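Student: First the structure, which I've put down as structure tokens, then a few questions once you've had a look.
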Amino acid sequence: MSLIACSAPPKSYELNGLWIKESDGTTMLDPQTSGLVKIGDKLYSLSDASADKSQIKRLHVIDPVSGNIINKSDGMAFDERIRQSCFYDYLAGEPDYEALVPDPFIENSWIWVTEDASRSKQMTTACQDKYGDTGSTVYPTLLVRLTLENNSLRVTGVRPVRYNEEENVADHPNDGIEGLAITKDKTLLLGLEKDGNGNARVFSVPLDVDFFSTLAFVTAKDAGLRMPTFEKGNHPINGMDIVYREDGRGYLVAAARNDNQLWIIDLQKEKDTVIVQLQFLAPSQTSDKCEPFHLMNNSSIEGIAVDDEAIYMVNDPWKANYHKNIVCDEDKVLYQRYSPLLFKLPLNDGWF
């Protein structure tokens, strides 16, 4: 991992959010949105294990213009080899999915990643003997392939992730992989919230068409990107995506949620990371009584999706802090439902 000093932010961008709404017009109920991808004219997201039970293990399809839910997947099935694996109990329960990317080799398939399994049923002794050497948490991070069939998800592959000891990833069950992105050469990038030194990291795993043909460990290696450093504080990264410019250069766009920042990281490892400072504003549904928008106390961005023109962001309502955003009694129910917001930021050539 290469470390650099932080580039000064060019300015702070104010972003007006859209409430993500269900088909009946109500705001989305406690999805704990984790991960965001844009394909064509649609956004795709998922929920982590702390979400309302009606939301977990589902693929959510969102209209990027209106913020409305277009569709949700129904149910989740498992291939027989997954049912017989050491990972079935966890995946069939309430897995903590944190990010998603489309599988570059198989149509209508996705790669999701798990994070915290500490509150779930642990593996048997035999499975621990087989998969205990993770280099990080007791229960391994899992890369999971899911295929969408007739609006239902089927788990068709799993790869546990291992880190070499010298990477010093440490055992942080709830500060693990929060972001995924795939480069043009089919390298999967994994964004780690913090390592043993408290630093955010990006790791890489090479993908190929046979990647999910085995249930064996895959070793993630540091991607060697020019990550920013800070003198103090906690600066995790969460959602990630990649944008390629007209000159062919690729940039990883990562959300530093504690800082309300985007980090624009050069995949060629030549340019300093650019820090983009953000301010998130939430709309009022009763603007006749309240201001149309107000600055959020806590936004907690967890999903990023980039196209050729803009960066889309979705927040993961932090239950311990979301009530701090209430400034208008008429809007209180929106925060009590832990309803997320969608934000959009046009790309700026000055970042690249």
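Counted from 1, the sequence shown has number 317 at position 310 by this note's numbering; the numbering is strictly sequential.
Positions of the beta carbon are idealized from the N, C-alpha and C atoms, including for glycine.
Please read these numbers as outputs of a predicted model, since none were measured by experiment.
Run through the DSSP bridge pairs and tell me what Thr121 is partnered with.
Tutor: Paired residue(s): Tyr104.
Student: Using the C-alpha atoms, what's the distance from Ala227 back to Tyr170?
Tutor: One C-alpha to the other measures close to 6 Å.
Student: Where does the unbroken beta strand (DSSP E) through Asp229 begin, and where does it stop?
Tutor: Residues Val225 to Asp229.
Student: Can you look up Val283 in the DSSP assignment and give me helix, strand or coil?
Tutor: The answer is strand: DSSP assigns Val283 an E or B state.
Student: Report the partner residues of Gln268 according to the DSSP bridge assignment.
Tutor: DSSP, once it has assigned bridges, lists Ala263 and Gln284 as partnering Gln268.
Student: Can you name the start and end residues of the beta strand (DSSP E) that Ile77 belongs to?
Tutor: Element bounds for Ile77: Ile76 to Lys79.
Student: Excluding sequence positions up to five away, which residues of its chain have a Cβ less than 8 Å from the Cβ of Ile77?
Tutor: Only Lys49, Val68, Ile69 and Asp70 meet the Cβ criterion.
Student: How many Å lie between Ile311 and Asp140 at the Cα?
Tutor: Their Cα atoms are separated by approximately 31 Å.
Student: Would you say Arg152 and Asp110 are within 7 Å of each other, going by their C-beta atoms?
Tutor: Yes, the pair counts as a contact, with Cβ atoms nearer than the cut-off.
Student: Is Thr33 helix, strand or coil by DSSP?
Tutor: If DSSP states are grouped into helix, strand and coil, Thr33 belongs with coil.
Student: Please determine, among Asn241, Glu29 and Lys191, the residue with the shortest C-alpha to C-alpha distance to Gly203.
Tutor: Answer by Cα proximity: Asn241.
Student: For Thr132, report the span of its beta strand (DSSP E) as first-last.
Tutor: That residue, Thr132, is in no beta strand (DSSP E); its alpha helix (DSSP H) goes Thr132 to Tyr138.
Student: Residues in the same chain with beta-carbon distance under 6 Å from Glu200, minus the five sequence neighbours each way, listed in chain order, please.
Tutor: So the qualifying residues of the chain are Asp182, Glu185 and Pro243.
Student: Taking 7 Å as the threshold (C-beta atoms), are Trp26 and Thr33 in contact?
Tutor: No, they are not a contact pair.
Student: Roughly how many angstroms separate the alpha carbons of Thr40 and Phe350, rounded to a whole number?
Tutor: Those two C-alpha atoms are separated by around 13 Å.
Student: What does the alpha-carbon distance come out to for the pair Leu222 and Asn265?
Tutor: For Leu222 and Asn265, the distance between alpha carbons rounds to 35 Å.
Student: Is the CB-CB distance between Pro353 and Ala327 below 7 Å?
Tutor: No, Cβ-Cβ distance for Pro353 and Ala327 is not below 7 Å.
Student: Does DSSP put Lys278 in a helix, in a strand, or in coil?
Tutor: In the structure shown, Lys278 sits in coil (DSSP, three-state: anything other than H, G, I, E or B).
Student: Once the 5 residues before and after Glu253 are set aside, which same chain residues still bring their CB inside 8 Å of it?
Tutor: Closer than 8 Å at Cβ, skipping near neighbours: no residue.
Student: Would you call Val340 buried or exposed, if buried means 16 or more other Cβ atoms sit within 10 Å of its Cβ?
Tutor: With fewer than 16 other Cβ atoms within 10 Å, it is exposed.
Student: Under the rule that 16 or more other beta-carbon atoms within 10 Å means buried, what is Pro347, buried or exposed?
Tutor: Counting Cβ neighbours within 10 Å, Pro347 comes out buried, since at least 16 surround it.
Student: Can you give me the Cβ contacts of Ile46 inside the same chain, cut-off strictly under 8 Å, excluding the 5 residues immediately before and after it?
Tutor: Excluding sequence neighbours, Ile46 sits near Pro109.
Student: Taking only the alpha-carbon atoms, compute the straight-line gap between Asp273 and Thr132 and give it to the nearest angstrom.
Tutor: Between Asp273 and Thr132, the C-alpha separation is close to 43 Å.
Student: Within the same chain, show all residues whose beta-carbon is closer than 7 Å to that of Val29, passing over the 5 residues directly before and after it, in chain order.
Tutor: Note that residue 29 corresponds to Glu in the displayed sequence, not to Val. Excluding sequence neighbours, Glu29 sits near Met35 and Ile76.
Student: So, are the CB atoms of Ser116 and Thr154 less than 7 Å apart?
Tutor: Cβ atoms of Ser116 and Thr154: closer than 7 Å.
Student: I'd like to know whether the C-beta atoms of Pro180 and Thr144 end up nearer to each other than 7 Å.
Tutor: Contact flag set, yes.
Student: Can you give the Cα-Cα distance for Arg344 and Asp37, rounded to whole angstroms?
Tutor: Between Arg344 and Asp37, the C-alpha separation is close to 6 Å.
Student: Are the CB atoms of Ser306 and Asp323 within a distance shorter than 7 Å?
Tutor: Not a contact, by the Cβ cut-off of 7 Å.
Student: Start and end of the beta strand (DSSP E) containing Tyr345?
Tutor: Premise fails: Tyr345 is in no beta strand (DSSP E) and is neither H nor E.
Student: Which of helix, strand or coil does DSSP assign to Arg233?
Tutor: In this structure, Arg233 counts as strand in the three-state DSSP scheme.
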